[in-house]
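Before any comments, here is the structure.
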Amino acid sequence: MHPGGEALESDAESDAAPDVGGRIEPDEFADPAYPVTTPPDPVYPCQTREPLASPLDGVATPAMASRLVRPMDRALGRIWEGLGLLARHRPERQVSLHYGRIALNAHAWERLRANLTGEPPDPALAGLPDTGFGRLPELWESFRVRMRRGRLLARLQRAEDTGEALLADAIDGDWRDRATAELSRGLLDERAWVELLMPYFSLRMLGEEAFRADARVRAAIAFEQRCSAEIGRRLAADGVLYNPSDVAYLTVEERTRAVHDGTQYWMKVVSERVRRVEGFLDLEVPLRFWGSPRVEKEKPGG
Numbered sequence: 008m009h010p011g012g013e014a015l016e017s018d019a020e021s022d023a024a025p026d027v028g029g030r031i032e033p034d035e036f037a038d039p040a041y042p043v044t045t046p047p048d049p050v051y052p053c054q055t056r057e058p059l060a061s062p063l064d065g066v067a068t069p070a071m072a073s074r075l076v077r078p079m080d081r082a083l084g085r086i087w088e089g090l091g092l093l094a095r096h097r098p099e100r101q102v103s104l105h106y107g108r109i110a111l112n113a114h115a116w117e118r119l120r121a122n123l124t125g126e127p128p129d130p131a132l133a134g135l136p137d138t139g140f141g142r143l144p145e146l147w148e149s150f151r152v153r154m155r156r157g158r159l160l161a162r163l164q165r166a167e168d169t170g171e172a173l174l175a176d177a178i179d180g181d182w183r184d185r186a187t188a189e190l191s192r193g194l195l196d197e198r199a200w201v202e203l204l205m206p207y208f209s210l211r212m213l214g215e216e217a218f219r220a221d222a223r224v225r226a227a228i229a230f231e232q233r234c235s236a237e238i239g240r241r242l243a244a245d246g247v248l249y250n251p252s253d254v255a256y257l258t259v260e261e262r263t264r265a266v267h268d269g270t271q272y273w274m275k276v277v278s279e280r281v282r283r284v285e286g287f288l289d290l291e292v293p294l295r296f297w298g299s300p301r302v303e304k305e306k307p308g309g
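Start counting the sequence shown at 8; every next residue gets the next number (the numbering used here).
What follows is the structure, given as structure tokens:
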């Protein structure tokens, strides 16, 4: 997910982030804007990368992670609310970041998938059903889901059309002529990303062909990368960054601040993150894990 579209190549092992026994230690880096790993939900700790297709299954640079994580969480939340699922089963966070990889809360994903398709959920993720009077909220939830499922499917169809229109407007617009500050904030706002991501997620839950939804998300990421490259060229020309590609290692908020303050502080931020991201590329992160993932160095030729 490098903004320029090229795959990042790791430097020598000595330039990578420190590791112990093949594992990077998260405490080595205090970087809330781009954490090594996100703390697991205390009640629903299982996470999964399985539903994410390329390029969302790769290492997300700070620029892309800061652009995607919040709207991904909101898109899943819209599906949850659209189905009328109980708030008490909803994790505090549905999207997390681990060693540059985006992961979804597996408990929430399974509950969404089962209710959207009408299939029984995996009890290992959804938990055993309540009994007696404790079952009454679950019965009400089941009734509400049956009543709302058709309405949600219609909403998802509208999201496909809306997302496609918003993406086309952004791509076909005069984005190269925009002021740097406006361009740095992003021409695809959070609403546009939510509309693009709701069909992307829902089609995977339904087990249906997701080609068009995937293509729209890939096109949106490519557009973000083109805009990011233009911002990088301008910041490098102003002496804020060494190279245009350095902008990939700043979050959206940080690059907007860099446009306004114009200091060389951001070169230091970039240099620290480059080594860390390159270290992430050498790691294997499980597709499903409980709590924090145990990561290993990729085997040669793997």
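The beta carbon of each residue, even a glycine, is placed where N, CA and C say it ideally should be.
None of the values given here were measured: they were computed from a predicted structure.
Tell me, which residues are paired with Lys1 by DSSP? The structure shown has nothing for residue 1, since the chain only spans 8 to 309.
Rounded to whole angstroms, what's the CA-CA distance from Tyr106 to Pro251? Just pull it up for me. If I take the Cα positions, the gap works out to 24 Å.
Close-in-space but distant-in-sequence residues of the same chain around Leu290 (CB under 6 Å, 5 per side omitted): Take Leu290, set aside five residues on each side of it, and the residues of its chain with a beta-carbon closer than 6 Å to its own are Tyr106 and Val302, in chain order.
Check Ser299 in the structure and name its three-state DSSP category. Here DSSP, grouped into helix, strand and coil, assigns Ser299 to coil.
Would you call Tyr207 buried or exposed, if buried means 16 or more other Cβ atoms sit within 10 Å of its Cβ? Counting Cβ neighbours within 10 Å, Tyr207 comes out buried, since at least 16 surround it.
In the DSSP assignment, find the unbroken beta strand (DSSP E) run with Ser103 in it and report its ends. Per DSSP, Ser103 belongs to the beta strand (DSSP E) from Val102 to His105.
With respect to the beta strand (DSSP E) encompassing Arg108, which residues constitute its N-terminal and C-terminal limits? Taken as a continuous stretch (DSSP letters only), the beta strand (DSSP E) holding Arg108 covers Arg108 to Asn112.
Please report the Cβ distance between Pro47 and Ser299, rounded to the nearest whole angstrom; I am assuming they are in contact, meaning their Cβ atoms lie under 8 Å. The Cβ separation is near 6 Å, so the contact holds.
Excluding the 5 residues preceding and the 5 following Glu197 in the sequence, name in chain order all residues of the same chain whose CB lies nearer than 6 Å to its CB. Hits under 6 Å: Pro78.
Got a sec? Which residues, its chain only, sit under 7 Å from Gly29 by beta carbon, not counting five neighbours each side? In this prediction, Gly29 has a pLDDT of 44, which is less than 50 and means its spatial position is unreliable; nothing more can be read from the coordinates.
Taking just the CA atoms, how far does Asn112 sit from Arg100? Straight-line Cα distance between these residues: approximately 7 Å.
Examine chain D for any beta-carbon lying closer than 7 Å to the beta-carbon of Ala121, and answer yes or no. The chain labelled as chain D is not found in the depicted structure, where only one protein chain is given.
Integer-rounded CB distance, given that Gly239 should sit under 8 Å from Asp253: Indeed, because the Cβ distance is near 6 Å, the residues count as touching under 8 Å.
When the Cα of Leu93 is compared with those of Arg183, Arg165, Arg142 and Tyr272, which residue comes out closest? Ranking Arg183, Arg165, Arg142 and Tyr272 by Cα distance to Leu93 puts Arg142 first.
Contact set for Arg120: own chain, Cβ-Cβ below 7 Å, skip 5 residues either direction: The residues are Met212.
In the DSSP output, what is Gln164 paired with across the bridge? Here Gln164 is not bridged, per DSSP, to any residue.
For the alpha helix (DSSP H) holding Gln232, just list the boundary residues, first then last. Run containing Gln232: Phe218 to Ala244, per the alpha helix (DSSP H) assignment.
Would you mind reading off the limits of the alpha helix (DSSP H) that contains Thr45? For Thr45, no alpha helix (DSSP H) run applies, since DSSP gives it neither H nor E.
Taking buried to mean at least 16 other C-beta atoms within 10 Å of its own C-beta, is Ala177 buried or exposed? The residue in question, Ala177, is buried, as its Cβ has 16 or more Cβ neighbours within 10 Å.
Residue range of the beta strand (DSSP E) that Thr55 falls in? Taken as a continuous stretch (DSSP letters only), the beta strand (DSSP E) holding Thr55 covers Cys53 to Thr55.
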